[in-house]
Structure formats: C-alpha cells, structure tokens
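Here the sequence shown is numbered in this note's numbering, starting from 8 and rising by one per residue. A virtual CB, placed ideally from N, CA and C, is assigned to each residue, including glycine. Bear in mind the structure is a predicted one, so any value in this text is a computation, not a measurement. Before any comments, here is the structure.
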Amino acid sequence: MNLMKTLTLKNLKLNRKRTIVTIVGIILATALLSALVTLVSSFQYSIIEYQKQKDGDFHVKFSGVKMSELSEFKNNRNIESTFETMGMGFAKLDGCKNEDKPYAYVMATDEAGFEKGCFNLIEGRMAKNEDEIVIPRHLRTNGRIDIKVGDEITLDIGKRYDSSTESVIWENIAYEHEAETLTDTVTKRYKVVGIMERPGYGMEDYSAAGYTFVTYSNELAAIDNGTKSEVNEADTTLTVYSRYTQKALRNKDAVTADIIGVDEKLFAKANNSSVEMTAEESDRFLKEMENAKYDIYINRYLISYECVFPIDGTFKALFTVATVVALIIILTSVYCIKNSFNISITEKIRQYGMLASVGATRRQIKSSVKTEAAMLGVVGIPVGTMSGILASLILVKVVNALSAGWLNVDLSFHTSLPALILAVILSIATIYFSATGSARRAAKVTPLEAIRNTKEIKIKSAKLKTPAIIGRIWGIGGVISYKNIKRNKKKYRTTVTSIVICSVTFIVISYFMSMAFSMVGMSYASADYNIGINMSCKKDVDIEKVSELLSGIEGAKDYLVGADYYFDVDKPEYTKEYGEYCRQLYDDSEDVSQMFLITVLNDKSYDKYASDAGIKNAATGAILLNKCTFDVYNEKSSKYIKKEMELYKYKAGDTIRCGYNVYEDASSDDNAVEGDTESSTEDNSGYVDEETINNGVRKTVDVNIAGVTDKAPIGYKGCSNTTHLFMNQKGFESLWADGKSGNELKPGNATYSAYVVAENADEYQDTLEKETEENPEYSQISFYVSNMDKQMRDEKSLFTLLGVFAYGLIVVIALIGITNIINTLSTGMELRSREFATLRSIGMTDKQFAGMVRLESVFISVKALVIGVPLGILISYLLCVMMNRMDDAIIYEPPYKAIILCIVVVIMLIYAIMKLSMTKLRHNNIIETIKNENL
8 MNLMKTLTLK NLKLNRKRTI VTIVGIILAT ALLSALVTLV SSFQYSIIEY
58 QKQKDGDFHV KFSGVKMSEL SEFKNNRNIE STFETMGMGF AKLDGCKNED
108 KPYAYVMATD EAGFEKGCFN LIEGRMAKNE DEIVIPRHLR TNGRIDIKVG
158 DEITLDIGKR YDSSTESVIW ENIAYEHEAE TLTDTVTKRY KVVGIMERPG
208 YGMEDYSAAG YTFVTYSNEL AAIDNGTKSE VNEADTTLTV YSRYTQKALR
258 NKDAVTADII GVDEKLFAKA NNSSVEMTAE ESDRFLKEME NAKYDIYINR
308 YLISYECVFP IDGTFKALFT VATVVALIII LTSVYCIKNS FNISITEKIR
358 QYGMLASVGA TRRQIKSSVK TEAAMLGVVG IPVGTMSGIL ASLILVKVVN
408 ALSAGWLNVD LSFHTSLPAL ILAVILSIAT IYFSATGSAR RAAKVTPLEA
458 IRNTKEIKIK SAKLKTPAII GRIWGIGGVI SYKNIKRNKK KYRTTVTSIV
508 ICSVTFIVIS YFMSMAFSMV GMSYASADYN IGINMSCKKD VDIEKVSELL
558 SGIEGAKDYL VGADYYFDVD KPEYTKEYGE YCRQLYDDSE DVSQMFLITV
608 LNDKSYDKYA SDAGIKNAAT GAILLNKCTF DVYNEKSSKY IKKEMELYKY
658 KAGDTIRCGY NVYEDASSDD NAVEGDTESS TEDNSGYVDE ETINNGVRKT
708 VDVNIAGVTD KAPIGYKGCS NTTHLFMNQK GFESLWADGK SGNELKPGNA
758 TYSAYVVAEN ADEYQDTLEK ETEENPEYSQ ISFYVSNMDK QMRDEKSLFT
808 LLGVFAYGLI VVIALIGITN IINTLSTGME LRSREFATLR SIGMTDKQFA
858 GMVRLESVFI SVKALVIGVP LGILISYLLC VMMNRMDDAI IYEPPYKAII
908 LCIVVVIMLI YAIMKLSMTK LRHNNIIETI KNENL
C-alpha cells in the first residue's frame, strides 16, 4: 500500500500540468462554494443591520408597560435584551404647514435606546442629558419648520385629550383636529444637539399626529445601570422594545401571547397569513386583543431575516436563487473534477494495466485513485476556502468604495463558521464522488485491455460511413474528423456534456437573476421623481406658469406639470384580452363603460414625451397610454398574477368619444379634489355606473388619437390600470373649438400635480416654497409638496445591492463554466496529440488538419447548444413553476438575452480553444510526440 502511495505521489509530480489543472478545478469549486456562503451571509447580515437602522433593533414592542412591571421583561428568559422609551407628551408647533401633524411628540430614552432604536443621526450628536434634544429631518421637509443644531426651543408639553370621549389620546393616533386639546402642559426648554432621519414605523406611525423629538432620561439610565429600582415608579408608563432569544424566535407567537395574556393558538393563527380564520375566531381574537395586557407592534421583517424565513418576495427570491446556485455549483463541480479524474485515468490506463499485470489488486488501484484525490484535496480545499473568503472581502470593499455617498445601504463583510464548514464538507463530498466513479472505472479494466488501450474506442463498420457532403465541403480532414467522433463517442460525449452543463447553468442562473429583479420591482415600484407636488385652487391653475416656476429653480433636471380631467367612454374598443378581463370584473356585462383620465401637460413636457414615444404630429391630438398591469386570477395556480396587457384596439388617427357631466355648480362637485391627487386614482376598476353618468347634463367631445404608446411620462410610471390620454393645453382646448358645445368644465373639475427630478431635493423644496410664499402670483394656489428623495434613494439602493450579488453570481457561474470548457477541450486535444502526430506523419497537410479541427468544433458547438439551450429553458421553466407554488404566480418568459449570449460565447470559446490548441500541436515534434508514453 505504501508503494502505491509513493507511486501515486511520483505520478502527480511527473504529470505536473494535469495535477495543476485538477487542483485548480478543486480550488475553483471550493472557492465558489465558500464565496457563495460568505456572500449570502454578508448579504443577510447587511440587510439585518439595515433593518435595525430602519426600524430598530427589537423584535416586539410592548406599549403601556408600568415601571413596576419592567422587571418581568428584564427577567424573562425568552428575552435577550430590552431598551425602553418614556413618552413625555405632546407640544403644539407654531408655524407647522402639515395640518394633520401639528405636534412635537417628546420621547425620552437612555444610551441603550439611542443605540438600538432607529434614531439615525444626520447631523450633530445624541442627547446626553435631560436639557438636550434631537429633532427629526422631516420636521423641515414635511412640517416646514427650520430648526438648526445649536438652537434652543421652548415646548409646552402636555397630554392630548379627546373632549367627546373624555379620554387621553395615545401617541400613534391620528390628529382629530377640533375634537382634541392639550391639557396638563408643562413648559420645558431644550437645546437642539442633533438632527436625525424620521424614526421607523415601529417608533413613529405614519399617521401619528406628532414629529418625534428624543431627549435623555436619567431615570431609565439609572435603572439600566442598577443604581435605581423601578418599584417605586409604579405610575410611570413605558414602551418596552424587546429582543427575543434565538430559541424564543422559533416559538415567537407563543412567547408574545404569554406576555400579553391572550390565547396562544388563536394568536398564532391570526399571525399566520397562510391560515384562514373563521368569523367566530376573528371576533374572539379582536376581543382578546382589546383586553390584552399590552399593545404590541411586531418587527416582522427583522424577525424573518434573523430566522432566515423571509416573508417578502425579494428575500425569498434571493435565498432561493442562492440555493439553486449552490446546487448547480456542486453538480457542475462534481462533473468538472470527475472529468479531470477521468482524463487522468485515461492518461494512466496503460500504467494501471501494467500494475494489475504484476499483481496489484482492484482494491489497491481504487485506493491509488482515492489517494490521489485526497492529496489534491488537501492542497485545493484550504486554498479554495481562503480564496473564496478573500474574493468576498474584496468584492464587499470594492462595492463600498465605489458606492460611497450614493448607496444608502452599507455592505458588511460577515463570515459564518457553520456555513464555511458546510462549504468544506460539500467540497470534500464533491471530490469523493468525483473520484469514486473514476476509481471504480480504473479497477475494472483488465491488464490486456489497459495495455492495448482500446476500450475507449467502439467501432462498428455500419456507423463509420461518412456522408458525401462532409467530404466535398471539408475534404479528407473532415472525413477523418467525422469518423473519429463516431469511433470515440465517450470522449466526444464527455466534451459535449461539459458544454451542455455550463450552458444550462448560465441560462438558468440568468433567468433567476431577472426573475429576482422582477419580484423586487413588484414589491417596490421605483419612483422616477423625488419631488411630488399637488396643487389646489378655486380657479384654473395656469400649468405653463407653474412650469416656468419649476424650471426656473436651480437643480431641476426634469419636471412635468399636469391637469387631470375625468371622462367616461361608452363601450370602448377593447382588445380581446382586456375585454374578457373587464367582463369578469363586471359580472359578464356586455355593456361596460370605462373611465378615461385626460391629463393636460405643459407644452415642453408634452413635446418631450411625444418625442420619447416616437409620435409625430402630436400637437392637436392625444397620446394613448395603451399598456397597463393588472392582478389577474390564475385558475391553475389559484393565485393572482401581475399581467401586462394591451387595453384597446385604437390606433393613430382614430377618434374616441369621451363623455362628461355638467352640473349646476361644478365647483362644488365631488370632483373638486383638494390636495392629494393620488387618492383620486386608486380605484383600479375604472368602472362607470349609469347612475353617475346620468347625474347631471351629459355632454360629449371627440378626442383624436395622435399616437399609441406603452411608455409613461415622468410621475405616471406606477399608474396601475387607469386609462390615460395625454394632451397639451392647445389640443385640449380645441375639443370645444367648433362651438357646438361650450367648455363647461369649470374650476374644481381638474386636479393638478407636478413631478420634479431635482439634484438636491431638500434645497429645491426650500427654494420652491420660498418662491411660492413670496410671489403674489401664486397666492391663490395651495402647494402640497412631498419630498420623495429618501424613498427614491432607498429603492435605488435596494436594486443596486441586489444587482451586486446577482451579477456577481452570474460572473462566478460563468467562470466555472468557462474553466470547465477550457479544461475539457484543451485536455482532449492534448490527449489526442499522438493521434494527430500520427496523421501528420502519414501525409496530412496543415489545411486538412485545420479542416478536421474546425469540423469537430462545429459538431461540438451545434450538438451542445441544440441540447443545452432547450434544456436550460425547460429547467428555468420548471423552477419558475416551483417558485409559483411558494409565492404569487409569475408569468414565464424565456431569458432571450442570456440564450443569445450563451450561443455566441460557446461558439467563440470553442473556436478559440481549438485554434490555440491546433497552433500549439503544429509546433510539436512529430517523432517525440509519437514516442511520448506519458500522454
């Protein structure tokens, strides 16, 4: 046995090139696995840290906890840690522009609260004593109150009191305007020491009536430090933010139900979205929650991320892709390494035959192959593991360096020891299974077969007949190539299989990357503007004047101003698909009218939109946005799918008759919307009932279609399934130019909005509001400005983060595939060098030799792609079906770009490798190559 090990080691040293190639394959496989688990671990850790910053480092928030009950949380073995906040009360803010949020809500906490709460500093520092305070950024962007770091403020802090119910109103209840007052006020003076981002939903509800101001609490700090007992403070009410242990997280519903004193099974069922509750159970649950000991808020996303059971499409898609990638890496690596061992066995087949002829047993030969695998693994696995970790670290560092200042999520490098151990175990298993088959094959060869080396070649004369066309096109070299493929099918099949696996892998992974982006897009409809403006006025708004205002402010990269008018169209020309969808919505009614929204754009924006959509002569007509996305019920999957469809059969030059109602006092009509224009477009049905149509004097206008497009202008990207017609002011006014009907659309019938892409959203908003307040021209218009900059940056960061890992995985998979193809083809050419030398020795010319190699390249490429591309499409479709069982149904679309790229790369790669190998073989000495027994 020692002799066999020595012989194996010497053989590895003698065949250094083959040894290096095999070790590289093992290093690559191990590096890919370790890099994958490290990147997934880093991604998960980064998302967890981002979620902690966004919503706070806690799992469940308990409101209404008495100070004397705090020890129950501190001593609960299911709770890992807590931090507390104390509500000091509300103070009226003078000069606040947001009528629904007129208060400052003063909250107190200590060091633990500042560290673990979602208080993300933008400027300054956190409060260190009870005379200092930190204010939120949206106090300026939303409330339009400009307080700077270093300013001193005086607040009259009290309780919100509802006189109608004679009760105190809690912090997250919306403002009740005249129904509430502030009572028991206490005056307190603070110094502003910091400005922070708006706290997350768990700490400040979106409907909350107050902006969260945070100060320091000596009481909470003393309790946390153990210098003060909470027993004597029984009347003080706290909010406790608790972080569960990992064990408690696995049974979080039971733990939470026990703390608040409700039925565990009922609570667990209510928090399981996949289980439907009966009406009786729902009533019981509501009653139990009304009588619960504490109000709660569950930080569901953080829990799902830390439990590795993601509940949103983005995280589920990414983990599914990572699992699929891991399986593909293992399968591809097994084949790649097995291929190296098979090639090694083929090279040494005569050697094994000689060893068997002098007494080596099958067990010893098997042991020799496995020993070779172990020696290669000892070198390859540690190097591969470290290489994978290093590659992941470099990737994270590079991304952070390149994205500094614009990526809103910090990527953190994080390694998981269990994950790395798993990667090493998988690598060992990969090498073992790769070597086992080769060892069994080597042991089965008889001495005579091994010495003759004829088992690899199967010859049947009937199958060696060559088609005449090959000889005419490729000559004698092509004929020999064709015969060689037929007589040496195993090696040919190995090469083709290797390329097929790589092609399938690339197509499947590319499809999953595109599907992951699609799922993110469904969850997060990326905004294409960062300043949204709604306008209301008792008379018509001059959109051209507003356009001049917006464009004249420095930093406006793009903008649009629009006036929306609602019309109805009786029996529009539906496409077959959309018509069926509408009839399903409206109980199979054949007489379905549809709501159309005519949006009048400012001239410059309209011209730009028409140009982008490729529509000419659009000035006197309307542009129809003819594609929308709907939630369509899929009977096969029993789920709703998002489906994009064309709406109408209209084309350029057609006319649409639009109806509207004229009332005695249009300005008091329900269409007069003050402020939010989005609320008027939330009805997805677009249905117009007869009662509404007949409520008033009915009028019609004929709208000429100048063009049809599927592109939406800025601000209208996420318009769901509302039917849109876009016009300019002149074209809209021309609808009544014939004098047959006057323009009865009085002020109040239109809703006005504007969208801006600003370089600096905060500065732009400041300038805009200053201009509108100081200029008397705009005194009659109420401007409601929404600063969407943070949301826009967050969504772009999410897509960027996903893209880094998605395309990183594609590069990794492409790398292993290309390496495998190069290894297989170059080794196959090298192993046949004696055969090629023999052919050249009997008179084959360089031209004939080149023709033979080119024909083999064509056969290999065509066969590999004919098998690989359909197989890749099939597997990606099956995986799409599997994903549909776990989440909302997704319409399958083949990854055409990936398929085309795969075809081009495979053809070019095979040709390049064959060309290089052929050039190298031409320079080899014919006699020395034939004599070489070590091939």
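query	result
Quick one: what does DSSP say PRO389 is sitting in, helix, strand or coil?	helix
Which residues in the same chain as SER521 place their Cβ atom closer than 7 Å to its Cβ, once the five residues preceding and following it in sequence are excluded?	PRO902
Alpha carbon to alpha carbon, how far is GLN358 from THR392?	33 Å
Can you tell me where the beta strand (DSSP E) with TYR52 in it begins and where it stops?	TYR52 -> not in any beta strand (DSSP E); alpha helix (DSSP H) instead, spanning 23 to 62.
Over the uninterrupted alpha helix (DSSP H) stretch that includes MET74, give me the two end residues.	Premise fails: MET74 is in no alpha helix (DSSP H) and is neither H nor E.
Rounded to the nearest angstrom, what separates LYS5 and CYS125 at their Cα positions?	Outside the shown range of the chain (8 to 942) lies residue 5, about which nothing can therefore be said.
Our contact map puts PHE90 next to TYR304 with C-beta atoms below 8 Å; I'd like the distance itself, whole angstroms only.	Going by Cβ atoms, the distance from PHE90 to TYR304 rounds to 14 Å, so no, they are not a contact pair.
Just the C-alpha distance for LYS155 and ILE129, rounded to the nearest angstrom, thanks.	12 Å
Ordered along the chain, which non-local residues of its own chain (more than five positions away) have a Cβ less than 7 Å from that of LEU273?	GLU288, ARG291, PHE292 and GLU295
Between ILE483 and the rest of its own chain, which residues show a CB-CB distance below 6 Å, the 5 nearest in sequence each way excluded?	GLN855
Does DSSP put LEU632 in a helix, in a strand, or in coil?	strand
Assign PRO783 to one of three DSSP states: helix, strand, or coil.	helix
Where SER88 and GLU587 are concerned, what is the direct C-alpha to C-alpha distance, given to the nearest angstrom?	56 Å
Quick check on this structure: which residue in ARG196, VAL515 and GLY165 has the alpha carbon closest to the alpha carbon of CYS887?	VAL515
Where does THR473 sit, in a helix, a strand or coil, going by DSSP?	coil
Taking the straight line between their C-alpha atoms, what separation do you get for LEU742 and TYR566?	26 Å
Leaving out five residues before and five after ASP212 in sequence, what residues of the same chain have Cβ atoms less than 7 Å from its Cβ?	ASN179
Decide if GLN601 is buried, meaning its Cβ has at least 16 other Cβ atoms within 10 Å, or exposed.	buried
Please give me, in chain order, every unbroken run of the alpha helix (DSSP H) with length at least 4 that falls completely inside the segment 552 to 608.	583 to 592
Helix, strand or coil: how does DSSP classify CYS544 here?	strand
Return the first residue and the last residue of the beta strand (DSSP E) that PHE220 is part of.	217 to 223
Would DSSP call ASN735 helix, strand or coil?	strand
By the DSSP assignment, the beta strand (DSSP E) with LEU128 in it spans what residues?	128 to 131
Return the chain-ordered list of same chain residues with a C-beta closer than 6 Å to the C-beta of THR422, the five sequence neighbours on each side being excluded.	THR45
Can you look up CYS125 in the DSSP assignment and give me helix, strand or coil?	coil
Identify the continuous alpha helix (DSSP H) that holds GLU288 and give its terminal residues.	286 to 297
Out of curiosity, what's the CA-to-CA distance linking ILE372 and ARG23?	21 Å
Under three-state DSSP, which class holds SER793?	strand
For the alpha helix (DSSP H) containing CYS909, list its first residue and its last residue.	903 to 929
Would you please state the rounded distance, in angstroms, between the beta carbons of PRO720 and SER618? I believe it to be under 8 Å.	About 11 Å separates the two Cβ atoms, so there is no contact after all.
Would SER375 and LEU908 be called neighbours here (beta carbons separated by less than 9 Å)?	no
Quick one: Cα of MET133 to Cα of ASP153, how far?	19 Å
Go to THR627, then tell me how far its alpha helix (DSSP H) extends in each direction, as first and last residue.	That residue, THR627, is in no alpha helix (DSSP H); it is neither H nor E in DSSP.
Three-state secondary structure (DSSP) at PHE274?	helix
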